[in-house]
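Numbering (the working numbering), first residue to last: 3 to 269.
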């Protein structure tokens, strides 16, 4: 990429199951950020309202990359951005040029958020095996070898999903907000649920990190780098024995990197 080309701001739209995060990048740095509820995207008439903060984002934004795990709204958002921005709008997909080799049974079913996360990890740790953790609505772990080959991963329910499932599938258990408890053991139904979900998640992740690291080293991949991102990443990152590197907005950063690898034109 030419230096003059990097001056152009790029909009990254990360559409999650619960929230949408919009980040404006310039020279690989975030210069503006805003967000809103994913529910808004189900109402096309509200798209101008949702993306209104772009009007104050500084230099005119023309190009965008969209990373969406909600396929039902992806095309309408891309069409809206293409019309309103007037530039190139890319959708993150497994069919893009990727900075890693995606060995997956059905590449088209591999989540685009996971694609972007692996791309971000590959840029941060280009010569290391990698364990990438995303702690959001769902918890995902994806593993890359040192040569950039996708080795596999895990998908698990997130903290709030676990709390919701206990409430919805039982007659008496209340819906509990999940955050780091002050103590290990709960002494009420609410704290027993909160502590069980939170500390159970920490123990689960610690155990998986140990097993994955051991397997990678047995395969000759060496000691892996570890990174964590996602809405609940700050709540768990410092409590994990492996001490993964906290990378805020890693999915957006990965989508930005994928745009750099795949864009057809610059203005």
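Here a beta-carbon is modelled for each residue, glycine too, at the ideal position from N, C-alpha and C.
Open item on the list: If distances are taken between C-alpha atoms only, which option among 19, 197, 261, 265 comes closest to residue 137?
Closed with: 19
Open item on the list: Less than 7 Å between the beta carbons of residue 13 and residue 63, yes or no?
Closed with: yes
- [ ] Can you grab the Cα-Cα spacing for the pair residue 77 / residue 187, in whole Å?
- [x] 47 Å
Task: Presumed contact (8 Å Cβ cut-off) between residue 22 and residue 49, rounded CB distance - done: Not confirmed; about 11 Å, so no contact.
TODO: Please classify residue 154: does DSSP put it in a helix, a strand, or coil?
DONE: strand
Open item on the list: I'd like the list of long-range same chain contacts for residue 17, defined as Cβ closer than 8 Å, with 5 residues on each side in sequence excluded.
Closed with: 40, 43, 68, 69, 70, 71, 72, 75, 76, 79
TODO: Could you tell me which uninterrupted beta strand (DSSP E) segments, each at least 3 residues in length, are contained entirely in the stretch 73-135, listed from first to last along the chain?
DONE: 91-93
TODO: Report the three-state DSSP secondary structure of residue 37 (helix, strand or coil).
DONE: strand
Task: Exposed unless 16 or more other CB atoms sit within 10 angstroms - verdict on residue 240 - done: exposed
Task: With 16 other Cβ atoms within 10 Å as the buried cut-off, status of residue 215 - done: buried
Open item on the list: Can you give me the C-alpha to C-alpha distance between residue 141 and residue 180, rounded to a whole angstrom?
Closed with: 14 Å
TODO: Evaluate contact between the stretch 228-246 and the stretch 123-134, counting only Cβ atoms and requiring at least three cross-stretch pairs below 8 Å.
DONE: yes
Task: Minimum C-alpha distance to residue 38 - residue among 143, 119, 24 - done: 24
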